Amino acid sequence: MIYRYFPSAEEVAQAVVETAFVQPSQAGWVHIALSGGSTPRLLFELLAQEPLRSAVDWSRVHLYWVDERCVPPTDADSNYGMTEATLLRHVPIPPDQVHRIAGEKLPEREAKDYSWLVGSELPFDGAFPVFDIVLLGLGEDGHTSSIFPHQMELLTKEEPYAVGISPKGQPRIAMTGPTILAAKRILFHTTGEKKAPILQHIVEKAPEAESYPATYIFRHREDVELYTDVALSTH
Numbered sequence: 064m065i066y067r068y069f070p071s072a073e074e075v076a077q078a079v080v081e082t083a084f085v086q087p088s089q090a091g092w093v094h095i096a097l098s099g100g101s102t103p104r105l106l107f108e109l110l111a112q113e114p115l116r117s118a119v120d121w122s123r124v125h126l127y128w129v130d131e132r133c134v135p136p137t138d139a140d141s142n143y144g145m146t147e148a149t150l151l152r153h154v155p156i157p158p159d160q161v162h163r164i165a166g167e168k169l170p171e172r173e174a175k176d177y178s179w180l181v182g183s184e185l186p187f188d189g190a191f192p193v194f195d196i197v198l199l200g201l202g203e204d205g206h207t208s209s210i211f212p213h214q215m216e217l218l219t220k221e222e223p224y225a226v227g228i229s230p231k232g233q234p235r236i237a238m239t240g241p242t243i244l245a246a247k248r249i250l251f252h253t254t255g256e257k258k259a260p261i262l263q264h265i266v267e268k269a270p271e272a273e274s275y276p277a278t279y280i281f282r283h284r285e286d287v288e289l290y291t292d293v294a295l296s297t298h
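As numbered in the numbering used here, residues 64 to 298 make up the sequence shown, in order.
Following this line, the structure appears as structure tokens:
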């Protein structure tokens, strides 16, 4: 784990924007997988405003989603809908470079279709499509990419995307473990003191951490980058 601490959620978001959007787009084409939930909202709002809006070369950015709730894009639960409202309608990204997960379609069918889309757009490492950057969040139960503790098998499922089910029974389309791990860079964007116990368990390799899907990602890539405002004891 590469631990990158910042004193506030705003500074965390600013650092993620610089690392995931500004610097890569200025260097060349960049394929980024976004997460949903509440944490990325601040990041998207910063990206939609100057000076960061103009610092990104949007003509070189392709956007994908790590996961999506199986709802229409107009639904309040839609990850794409939140991103569209806070970011996409405010920046000059070419529409054909925005690759949304169609949450309104049958989950199993869309998992297959999106796996095919990603496979047609990205290079392969021999087995899995390779994103330049995967931005992950962390749930209070240790889930990431809509892979929940009761579905740990999605961490090793070979298809790039599969159907996950939230504890409340909501179906979701989720990037699976091997495709996350195949990315050139993996960034966890995690803020708020509610996440502190989970992060500390992961850092300390506590027994509780073994039930967190996020732990699997941290254990299998030493260069996973954690961007957070949570002060951790790393020794």
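Using N, Cα and C, we set each Cβ at its ideal position, and we do this for glycine too.
Since the structure is predicted, the reported quantities are computational estimates derived from the model, not experimental observations.
- Item | Candidates Ile261, Phe187, Ile249: closest to Ile65 by CA position | Of the listed residues, the one whose Cα sits closest to Ile65 is Ile249.
- Between Glu222 and Thr239, is the Cβ-Cβ spacing less than 8 Å? The answer is yes: Cβ separation under 8 Å.
- Item | Simplified DSSP assignment, three categories, for Pro223 | Coil.
- Reduced DSSP secondary structure (H/G/I, E/B, other) of Met238: It is a strand residue.
- Pairwise C-alpha distance: Thr242 and Phe187: Going from the Cα of Phe187 to the Cα of Thr242 covers about 10 Å.
- Message: Would Val124 and Gln160 qualify as a contact pair, given that the criterion is a beta-carbon distance under 8 Å?
- Response: Between Val124 and Gln160, the C-beta gap is smaller than 8 Å, which places the two residues in contact.
- Within 8 Å, strictly: CB atoms of Glu171 and His94: Taking 8 Å as the Cβ cut-off, Glu171 and His94 do not qualify as a contacting pair.
- Task: Label Gln214 either buried or exposed according to how many other C-beta atoms from any shown protein chain fall within 10 Å of its C-beta, with 16 as the threshold for buried.
- Result: Burial of Gln214 is indicated by the presence of at least 16 other C-beta atoms within 10 angstroms of its C-beta.
- Task: Return the first residue and the last residue of the beta strand (DSSP E) that Tyr127 is part of.
- Result: Per DSSP, Tyr127 belongs to the beta strand (DSSP E) from 124-128.
- Hey, how far is the Cα of Gly100 from the Cα of Gly200? Whole-angstrom Cα-Cα distance: 8 Å.
- Message: Could you check whether Leu218 and Tyr279 sit closer than 8 Å to each other, using their CB atoms as the reference points?
- Response: Yes. Within cutoff.
- What number of angstroms, rounded off, separates the C-alpha of His283 from the C-alpha of Ile265? If you take the alpha carbons of His283 and Ile265, they lie about 13 Å apart.
- Message: Just to confirm the assignment, what range does the beta strand (DSSP E) spanning Leu97 have?
- Response: Start and end: 93-97.
- Task: Would you kindly report the start and end of the unbroken beta strand (DSSP E) that includes Phe251?
- Result: Boundaries of the beta strand (DSSP E) around Phe251: 248-253.
- Query: Is it true that the CB of Thr254 sits closer than 8 Å to the CB of Ala139?
  - Reply: In this structure, Thr254 does not lie closer than 8 Å to Ala139 by Cβ.
- Item | Inter-residue spacing [alpha-carbon to alpha-carbon] between Val134 and Thr102 | One C-alpha to the other measures close to 20 Å.
- Item | Whole-number beta carbon distance between Gly189 and Phe211, since they are thought to touch under 8 Å | By a beta-carbon distance limit of 8 Å, Phe211 does not contact Gly189. Their separation comes to about 29 Å.
- Task: If I'm right that Tyr177 touches Tyr224 with Cβ under 8 Å, what's the distance once you round it to whole angstroms?
- Result: With a Cβ gap of about 5 Å, Tyr177 and Tyr224 count as contacting.
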